[in-house]
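Enquirer: Starting off with a structure, shown below.
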Amino acid sequence: TRHAHADYYLKFAAGVAAGIRSTAQLDVVRRARHENANTQAAILWLTSCARGGDQPALEKGLLLCGHLNWFWHIGGQHFTARVHLDALLALAADAPPSRGRALARLAAGMVSTTTGEWERSLGEWAGGYEDGKAVADAEAAAEGIMGVGYCSLSLGRMEDSGAALDEAIARSAGGVCDFLQAISMTIKGMLRFVTGDPESGMALIEEARRIQERLNDREGGGMALSFLAQMSFAKGDHARALVLYGEALESLATIGDQPEVARVHCEMGWTALAAGDAPAAQRAFRLGVQANEEVGSPRGTGLALLGLAAVEAAEGRSERAVAIAAAAHALSERAGIVIAHPMDPGVVSRIDALKASIPKRMLDGLVANASVLSPAAVLAMVSEAESTPALS
């Protein structure tokens, strides 16, 4: 029956959640991908039953979505997840705390974190934390307050972030969840770094890495390695940053986290450009465009295009730099996003300054033509240009 099918995949999803936190991470993610259609069907069935007033089905649906949280995140299924979570959490809004609602709120927080909706995400993580405490689910409470810490860091609320991350580390320690403890330590390390304690921050992330290596945690480990790379970049050690980014890329590609792979490609591009290796930067940004297009991230695609424009500017090719930047700007306007990059905050103004060297009529035509280019067309233009002399 459909109920038996849903019960089977609820148990399966619980195993996926536990496996991602263990040394079985790679195997359970592979099996979850194979069974993705079945878990989706189970969620749809349980949601239909819940809409008809079936409270046990509602709790099962919430649990199923909550268990799939990290799997969805790794696979970039954030928009699919949001549809399911919005439907089920709306039905549970006035219900008493439950484990299912706690886990589903954590999953919703993960989605909003990924889409950059920080205030919404903060509320969702906090809701999961409160529900987790109410039902005495130690892992859910630890993960919820970890999310609060990460959102607070992203919002610039450093004191709130520090307190939340300290609590997350304490709640997940002692064998409660090594996976969450290491991620919480990684985020706390980044907090220390950005608040003026770089050596302590890097040391804490290295400590987290030892936990992740024991777990063979490719997801958390890849994130930690990329954070260490960001720190090395900020310190001006571009060679070390590129080595760490390479290790992060290998880890994240192994687990199949394409959104994170796309991010790392772009960050490798900015690092290579800062190191004076324009060809390596161009390769990384091209891969970044392709990877972000695959996961449907207009912001990531725009950042990678802006990186390609920065390479052209650095190589003295003003017209191509302005054209690619115009394509990135047009993409951002269509998507309703802002494109800027903290690894090179002056890049937009530098490219804008190049416009003065281009006659106005030519500039207007250049920008108009470039503004309708797709990311694929920009890549084709760059490829074609590689075998021709510079335009300026």
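Every number in my numbering is 35 more than the matching position in the sequence shown, counting from 1.
Glycine included, each C-beta is placed from N, C-alpha and C at the ideal position.
Using a threshold of 9 angstroms, state whether the C-beta atoms of Ser261 and Leu226 are closer than that.
Expert: No; because the gap between Cβ atoms is not below 9 angstroms, this pair is not in contact.
Enquirer: Does the region 241 to 252 come into contact with the region 269 to 279, if we say contact requires no fewer than three beta-carbon pairs (one atom in each stretch) closer than 8 angstroms?
Expert: Contact check between the region 241 to 252 and the region 269 to 279: fewer than three CB pairs, one atom from each, fall below 8 angstroms, which does not count as touching.
Enquirer: Which stretch, first to last residue, makes up the alpha helix (DSSP H) that contains Ala294?
Expert: One detail in the question is off: residue 294 reads as Pro in this sequence, not Ala. First-last of the alpha helix (DSSP H) with Pro294: 293 to 309.
Enquirer: Can the beta-carbon of Ala177 be found less than 9 angstroms from the beta-carbon of Gln216?
Expert: yes
Enquirer: How many angstroms separate the CA atom of Ala316 from the CA atom of Ile386?
Expert: Spanning the two alpha carbons is a distance of roughly 17 angstroms.
Enquirer: Measure the alpha-carbon distance for Ser187 versus Trp153 and round it to whole angstroms.
Expert: 8 angstroms
Enquirer: If you run the structure through DSSP and keep just helix, strand and coil, what is Met378?
Expert: DSSP places Met378 in coil when its eight states are reduced to three.
Enquirer: Using a Cβ distance threshold of 8 angstroms, determine whether the region 71 to 86 contacts the region 276 to 293, with at least three qualifying pairs required.
Expert: no
Enquirer: Any contact of the region 104 to 112 with the region 64 to 80, i.e. 3+ C-beta pairs under 8 angstroms?
Expert: By the Cβ test, the region 104 to 112 is in contact with the region 64 to 80, since at least three Cβ pairs between them sit closer than 8 angstroms.
Enquirer: Return the chain-ordered list of same chain residues with a C-beta closer than 7 angstroms to the C-beta of Leu426, the five sequence neighbours on each side being excluded.
Expert: Model confidence at Leu426 stands at a pLDDT of 45, short of 50, so the residue's coordinates are unreliable and nothing is read from them.
Enquirer: What's the call for Gln247, buried or exposed, on a 16-neighbour Cβ count within 10 Å?
Expert: buried
Enquirer: Where Ala127 and Arg136 are concerned, what is the direct C-alpha to C-alpha distance, given to the nearest angstrom?
Expert: 7 angstroms
Enquirer: So, for Ala288: in the same chain, excluding its five sequence neighbours on each side, which residues have a beta-carbon less than 6 angstroms away from its beta-carbon?
Expert: Within the same chain, and ignoring the five residues on either side of Ala288 in sequence, the residues whose Cβ sits closer than 6 angstroms to its Cβ are Val296.
Enquirer: Are there 16 or more other CB atoms within 10 angstroms of the CB of Val118, so buried, or fewer, so exposed?
Expert: exposed
Enquirer: Going by DSSP, what residue range makes up the alpha helix (DSSP H) through Leu79?
Expert: 71 to 86
Enquirer: So is Ser332 buried or exposed if we call it buried at 16+ other beta carbons inside 10 Å?
Expert: buried
Enquirer: Does DSSP put Cys100 in a helix, a strand or coil?
Expert: helix
Enquirer: Using a threshold of 9 angstroms, state whether the C-beta atoms of Ala326 and Gln293 are closer than that.
Expert: Yes.
Enquirer: Taking Cβ to Cβ, would you say Leu157 is nearer than 9 angstroms to Arg140?
Expert: no
Enquirer: Measure how close the beta-carbons of Ala313 and Val346 come, nearest whole angstrom, since I'm counting them as under 8 angstroms.
Expert: 5 angstroms
Enquirer: Grouping DSSP H, G and I as helix and E and B as strand, with all else coil, what is Gln112?
Expert: Judged by DSSP in its simplified three-state form, Gln112 adopts coil rather than helix or strand.
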